[in-house]
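K.L.:
One rule links them: number in the working numbering = place in the sequence shown (from 1) + 7.
Heads up, the beta-carbon is just placed ideally off N, CA and C, and yes, glycines get one too.
Here the structure is a predicted model, which is why all the values come from computation and not from measurement.
Attaching a single structure in C-alpha cells format; questions to follow.
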Amino acid sequence: MITDQIVYFSATGALLGFVHTFLGPDHYIPFVFMSKARNWSMTRTLSITAVCGVGHVVSSVALGFAGIALGIGVTKLTDIESIRGDWAAWAFALFGFIYMAWGIYRAYQRRPHKHLHLHNGGVVHEHMHSHANEHDHLHSGEKAINITPWVLFIIFVLGPCEPLIPVIIYPVVEERGSISEAIIVSVVFSVVTIITMLTIVFLLQKGINLVNLKKLERYTHVLAGAMLLLSGIGILFLGL
8 MITDQIVYFS ATGALLGFVH TFLGPDHYIP FVFMSKARNW SMTRTLSITA VCGVGHVVSS
68 VALGFAGIAL GIGVTKLTDI ESIRGDWAAW AFALFGFIYM AWGIYRAYQR RPHKHLHLHN
128 GGVVHEHMHS HANEHDHLHS GEKAINITPW VLFIIFVLGP CEPLIPVIIY PVVEERGSIS
188 EAIIVSVVFS VVTIITMLTI VFLLQKGINL VNLKKLERYT HVLAGAMLLL SGIGILFLGL
C-alpha cells in the first residue's frame, strides 16, 4: 500500500539524488573528458557511466542496510562514508595526476617536427612530420587492454552517496519501521542518481563534440587527467 509518507520520502529521495549528482561534477566530468581522450563512442561512454553509477549507489545502499542489520549507529556509518569519500577523492587525484603525466609524455612524443630529405641531384627539402599514428594502431588480431573503465569503476564504488544513509535510509527505518519502504526509497534515489549522471554526460558529450578541438588533439589525455585531478581536489578541499 502506497502511503503519503512513502510518497514524501520517495520525492525527497528523488530530489536529493538529482541535487547530489548535479552539484557533484565528479559524477560526470571524468566520463566526458575520458571519452574524448579515449575516443569512446556515445554508447560505450554511457555504458561505463551507468556501470560506475550502479557501483556508486549500490555500495552505499549495501553499507546502510548492513549497518541497520548489525545495529550500527548512523553516526558511525556516516564516519565510515566520510573515510570512503576521502579514499575516493585521493584515488581520483592520484589517477588523474598519473594520467595527466602520461598525457604530457604522449603529447611530447607526438609533437610535430621537421624531416630533411636529400634527393638525386642534391635537391633537399623538408616537411613537418608527426608520429601521431605510428604507435597508436593495433596490430592485426591484437586487443588493447584498457584499464581506465575499471579504475573509474573502483573509484566510484569507493565514493559514497553522502545523503543516502543519514537522510534517507535511517530516517525511513526509524520513522516507519519498515525495511521494505527504505528499500523503495533507496531505489528511487539510486535510479534518479544514475539517470541524472547519464543525462548530463549525454548532453555534455554532445556539446563537446560540436567544438573543434583539432589544435588540442595532442593534449586530450592531458586535459582528461587534469579534470580527474581537479575532481579529486574539489572533493577534498571544496567539498564538491
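1. So which of 218, 158, 114 has the shortest CA-CA distance to residue 229?
2. Ignore the nearest five residues each way along the sequence and tell me which others in residue 83's own chain have a CB closer than 8 Å to its CB.
3. Between the segment 198-213 and the segment 57-76, do three or more beta carbon pairs fall short of 8 Å?
4. Would you kindly check if the distance between the Cβ of residue 199 and the Cβ of residue 25 is under 7 Å?
5. In chain order, which continuous runs of the beta strand (DSSP E) of length 3 or greater are located wholly inside the segment 58-126?
6. According to DSSP, simplified to helix, strand and coil, what is residue 46?
7. Quick check on the burial criterion: 16 or more other C-beta atoms within 10 angstroms. Buried or exposed for residue 224?
8. Is the Cβ-Cβ distance between residue 208 and residue 15 less than 7 Å?
9. Less than 7 Å between the C-beta atoms of residue 167 and residue 88, yes or no?
10. Given residue 40, which residues of its chain have a CB within under 7 Å of its CB, disregarding the five upstream and five downstream residues?
P.N.:
Taking the coordinates as given:
1. Closest by alpha carbon: 114.
2. Residues 74 of the same chain have their beta carbon placed closer than 8 Å to that of residue 83, with the five preceding and five following residues left out of the count.
3. Judged by Cβ distances under 8 Å, the segment 198-213 makes contact with the segment 57-76, as three or more pairs qualify.
4. With respect to residue 199, residue 25 sits close: the two C-beta atoms are nearer than 7 Å.
5. Those beta strand (DSSP E) runs which fall completely within the segment 58-126 and span 3+ residues are 120-125.
6. DSSP places residue 46 in coil when its eight states are reduced to three.
7. For residue 224, the number of other beta carbons within 10 angstroms of its own is below 16, and it is reported as exposed.
8. Taking 7 Å as the Cβ cut-off, residue 208 and residue 15 do not qualify as a contacting pair.
9. Taking 7 Å as the Cβ cut-off, residue 167 and residue 88 qualify as a contacting pair.
10. Cβ within range, chain order: 230, 231, 234.
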